[in-house]
Amino acid sequence: PTCGFHLTSQKIARVHNCFGKQNFPPYLPLKPLSLSMIGSESSTISITNPNPDKAAAMGCRDWPQQSKRVNFVETCQTDQSLTRYVLDGTGSLEIVNPNSTTKTRKTRLNPGTLIEVEGPLELTWKIDDEMIILTPGFEQGGSFVAVIVAMVAICGALIAGIGT
Numbered sequence: 091p092t093c094g095f096h097l098t099s100q101k102i103a104r105v106h107n108c109f110g111k112q113n114f115p116p117y118l119p120l121k122p123l124s125l126s127m128i129g130s131e132s133s134t135i136s137i138t139n140p141n142p143d144k145a146a147a148m149g150c151r152d153w154p155q156q157s158k159r160v161n162f163v164e165t166c167q168t169d170q171s172l173t174r175y176v177l178d179g180t181g182s183l184e185i186v187n188p189n190s191t192t193k194t195r196k197t198r199l200n201p202g203t204l205i206e207v208e209g210p211l212e213l214t215w216k217i218d219d220e221m222i223i224l225t226p227g228f229e230q231g232g233s234f235v236a237v238i239v240a241m242v243a244i245c246g247a248l249i250a251g252i253g254t
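Following my numbering, the numbering of the sequence shown begins with 91 at its first residue and continues without gaps.
Here it is as structure tokens:
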């Protein structure tokens with residue numbers, strides 16, 4: 091083999107030993123594509139437009155939805171990941187690492203856009219008119235608790251109404 095490396099089907103770089111009898115590890119894993127920011131913090135950003143079949147296979151259509159009419163900001167903490175799928179509507183998204191002002195990513199959002207990020211990041215959503223955003227689950231515990239409390243209250247009111 092010649093000096094250097096090549097990619098195998100497992101996405102692993104095989105390094106050929108070009109330095110005589112020195113032993114180097116034969117395989118070095120490739121790091122995932124990431125948007126590295128200044129400082130020790132790094133973030134990963136993936137913005138894709140999967141076709142409807144791929145989106146359905148991911149289960150996107152079954153995720154809870156949020157309807158947004160006004161601009162808003164989301165914060166993704168260090169080692170936290172967020173996934174969002176734009177079902178309907180248009181707008182734009184600006185992604186910034188709060189620990190660095192040198193790297194910013196801006197993108198246009200249309201139906202079918204899938205956003206996957208790992209923090210630390212700040213996401214500024216600018217909504218054109220109305221946007222329906224799907225998430226893989228209740229990531230905000232307060233929203234989930236509010237839904238549960240409301241369901242219990244409604245069931246309690248129905249039971250109390252039947253008893254009288």
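Built from N, CA and C at the ideal position, the CB exists for glycine as well.
Please read these numbers as outputs of a predicted model, since none were measured by experiment.
What residues match up with residue i in a beta bridge as DSSP calls it?
i, result
"residue 178", "222"
"residue 239", "The partner list for residue 239 (beta bridge, DSSP) is empty, contrary to what the question assumes."
"residue 249", "Looking at the DSSP assignment, residue 249 forms no beta bridge with any residue, so it has no partner."
"residue 209", "168"
"residue 217", "181"
Anyone know if the C-beta pair for residue i and residue j falls short of 8 Å?
i, j, result
"residue 212", "residue 165", "yes"
"residue 203", "residue 154", "no"
"residue 258", "residue 206", "This structure cannot speak to residue 258, because the chain is shown only from 91 to 254."
"residue 215", "residue 139", "no"
"residue 217", "residue 158", "yes"
"residue 210", "residue 156", "no"
"residue 199", "residue 171", "no"
Label residue i either buried or exposed according to how many other C-beta atoms from any shown protein chain fall within 10 Å of its C-beta, with 16 as the threshold for buried.
i, result
"residue 248", "exposed"
"residue 246", "exposed"
"residue 252", "exposed"
"residue 115", "No answer about residue 115 holds up, because its pLDDT of 39 lies below 50 and its placement is not dependable."
"residue 135", "buried"
"residue 142", "exposed"
"residue 186", "buried"
"residue 174", "buried"
"residue 197", "exposed"
"residue 201", "exposed"
Could you tell me if the beta carbon of residue i falls within a distance shorter than 7 Å of some heavy atom in the ligand FMN?
i, result
"residue 218", "Within the structure as shown, the ligand FMN is missing, as the structure has no ligands at all."
Is there contact between the region 219-227 and the region 177-193, where contact requires at least three CB pairs shorter than 8 Å? yes
Contained beta strand (DSSP E) runs [length at least 3] in the region 135-202, N- to C-terminal order: 155-158, 162-166, 171-178, 181-186 and 194-199
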